[in-house]
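Encoded as structure tokens, the structure appears first; notes follow it.
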Amino acid sequence: PMISLRRLLDHAAEHGYGVPAFNVNNLEQIQAIMQAAHATDSPVILQASAGARQYAGEPFLRKMVEAAAETWPGLPIVLHQDHGASPAVCMQSIRSGFTSVMMDGSLMEDAKTPASYDYNVSVTRRVVEMAHAVEVSVEGELGCLGSLESGTAGEEEGVGAEGVLTREQMLTDPDQAADFVARTGVDALAIAIGTSHGAYKFSRKPSGDLLAMDRIKEIHARIPDTHLVMHGSSSVPQEWLAVIREHGGDIRETYGVPVEEIQEGIRHGVRKINIDTDIRLAMTGAMRRAMARRKEEFDPRRFLAEGLAAARQLCVDRFEAFGSAGMA
Ligand code: G3H
Ligand code: 13P
Ligand code: ZN
């Protein structure tokens with residue numbers, strides 16, 4: 002059944018686990034995630050970005066998720082809108098049947114210009130009032146995602162601040178987080194700790210100077226009852242980078258967020274972990290390999306099925322590593 006994010010994360014907090022929130026755009030990604038959730042008996046968060054709505058269209062996303070709920074009636078599913086740029090966008094998703102929305106007021110409506118704290122409080126508060134009236138959950142974000150190495154939001158189009166950010170902007174302040182949660186009433190809070198969207202997060206395996214795990218602990222100590230969300234949490238598996246490179250792909254040296262660091266976050270209040278890039282890498286690697294190996298094949302289902310299987314295994318690994326396996 003479809004449930005709200007709040008209900009799922011309350012359960013996760015009670016039992017000390019985290020839930021991966023996977024971005025979805027198409028049939029194969031939704032089936033991969035659902036099959037993995039079924040295999041591990043895990044609750045599911047499917048999230049759709051503005052890019053996903055543009056790619057598939059709102060009716061297709063809605064109907065495919067309905068089909069998932071019908072096919073696996075025993076699994077709790079949260080349908081979450083990722084990075085809503087305005088209250089109007091959040092309203093559209095609520096009307097469409099999403100059980101959770103993110104109002105990302107860390108950026109202005111252009112999703113590029115860093116916003117003031119007062120703007121963020123005001124738009125987020127408005128969304129909470131509307132959403133809670135119809136039992137939809139709200140995730141807010143405080144602090145801008147960005148690399149502490151370069152001061153930029155990374156290379157993914159469409160999501161993230163433009164220009165160079167200060168260290169201050171890129172790390173969520175614990176006292177401000179407490180004030181933000183009190184003033185907005187959000188159900189979950191996305192925090193900035195040095196991660197960014199996309200494949201190019203870190204030029205080396207990150208340690209404390211690049212990935213501010215201590216911040217998570219400070220924020221959790223200050224607001225222990227708030228469910229924390231980590232964005233930009235793909236681990237960027239070196240194995241999949243290798244497969245992509247071996248089969249004609251061109252991806253520079255890059256590192257993601259190690260699974261052990263996410264597990265450390267889960268011990269300190271992180272309940273929702275956003276992952277998009279890892280599924281992209283696994284599907285692309287598997288499809289490139291299948292196309293290279295089976296040159297006579299022209300049925301696209303053969304390639305898509307390989308992509309689906311690779312994504313499914315990745316999801317199984319994350320459900321198990323984050324402790325949501327067995328919790329459905
Ligand atoms: O928010 C970040 C996700 O990776 C969504 O990316 O806008 O390309 O769908 P997208
Ligand atoms: P990745 O690009 O690390 O997968 O992050 C996805 C994300 O944060 C979606 O909101
Ligand atoms: Zn994000």
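Numbering-wise (UniProt numbering), the sequence shown opens with residue 2 and increments by one.
Note that beta-carbon positions come from the ideal geometry of N, C-alpha and C, so glycine has one too.
Remember, it's a predicted structure, so these values are computed and weren't measured experimentally.
Residue pairing by DSSP puts K273 in a beta bridge opposite V20, V230. By the C-beta criterion, the stretch 206–226 is judged not to be in contact with the stretch 161–168, since fewer than 3 inter-stretch pairs fall below 8 Å. Contact between G98 and L80 is confirmed by a C-beta separation of about 7 Å, below the 8 Å threshold.
For A222, the number of other beta carbons within 10 angstroms of its own is below 16, and it is reported as exposed.
Taken in chain order, the complete beta strand (DSSP E) segments of 3 residues or longer contained in the stretch 169–247 are 189–192, 228–231.
In the three-state scheme derived from DSSP, where H, G and I count as helix and E and B as strand, A293 is classed as helix. Beta-bridge partners of I78 (DSSP): M3, V45. Closest in C-alpha terms to L10, from the list A116, I194, P77, comes P77. Pairing S50 with A112, the inter-Cα distance amounts to about 12 Å. Of E297, F299, A193, the smallest CA-CA separation from G106 is found for A193. Ranking R281, L309, G233, E265 by CA distance to the CA of L146 puts G233 first. Per DSSP, the continuous alpha helix (DSSP H) segment holding V66 begins and ends at 59–72. In the DSSP annotation of this structure, the continuous segment of the alpha helix (DSSP H) that includes G266 starts and ends at 260–267.
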